[in-house]
Amino acid sequence: MAISKGYKALLDEAMQQIKTIPLEDARELYELSEACFVDIRDIRELERDGMIPEAVHAPRGMLEFWVDPDSPYYREVFGQSGPLILYCQSAWRSALATLTLQQMGMDNVCHLEGGFKNWMGAGLPVADKRTVSH
Numbered sequence: 086m087a088i089s090k091g092y093k094a095l096l097d098e099a100m101q102q103i104k105t106i107p108l109e110d111a112r113e114l115y116e117l118s119e120a121c122f123v124d125i126r127d128i129r130e131l132e133r134d135g136m137i138p139e140a141v142h143a144p145r146g147m148l149e150f151w152v153d154p155d156s157p158y159y160r161e162v163f164g165q166s167g168p169l170i171l172y173c174q175s176a177w178r179s180a181l182a183t184l185t186l187q188q189m190g191m192d193n194v195c196h197l198e199g200g201f202k203n204w205m206g207a208g209l210p211v212a213d214k215r216t217v218s219h
C-alpha cells in the first residue's frame, strides 16, 4: 500500500507551524521551575534512559485524551496556564504532538530542540523513571 505523505513531510509541515524551544532557553525555564516538561516517550525509553527530573510522563498514545477536559482520561496538569515543553528522544514525535495540541487550541505548548538526546548530551539533569505517570 502506497502512502501519500511520509513522516518527513509531516515533520516538515509541523516544524513550520510550531514553536521549538532552544535547549538553553529550556534549561533556564527548568532551573526557574517556570514550565512543565512533558515526556511523551514510551515507558521502555524512560526505564532505559531516565527522564528530565519533575517531568510529567504522558505517553504519546494518550496525550490528546489527557489534555481534553471532556475526556474521561483528562489530567489536571494539562489545564495549567504556564508553558508546556514536550519532548521525546529525538524531537520527531514531540514535533507532531506539539502540532496536535496546537490544533486542539493550546497556545502555551512548544517542543524541545533536539529532544531528550540533546538534553542528555548537554549534561543536564536526568532522573530515574518515576514509578507513577501523572
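Residue numbering for the sequence shown follows the numbering used here, starting at 86 and increasing by one per position.
Note that the Cβ used here is the ideal one computed from N, Cα and C, for glycine as well.
Requested in this report: Report the rounded CA-to-CA distance for Q102 versus R145, giving the unit in angstroms.
Outcome: 19 angstroms
Query raised in the report: How is the alpha helix (DSSP H) around F122 delimited, first residue to last?
Result: From DSSP, F122 is part of no alpha helix (DSSP H) but of the beta strand (DSSP E) over C121 to D124.
Query raised in the report: What number of angstroms, rounded off, separates the C-alpha of K90 from the C-alpha of Q188?
Result: 19 angstroms
Report task. Assign V141 to one of three DSSP states: helix, strand, or coil. Result -> strand
Report task. Let me know the secondary structure DSSP gives I128 once reduced to three states. Result -> helix
Query raised in the report: Three-state secondary structure (DSSP) at V162?
Result: helix
Report task. Check the C-beta distance from L181 over to A99 and give it rounded, since I have them as a contact under 8 angstroms. Result -> 5 angstroms
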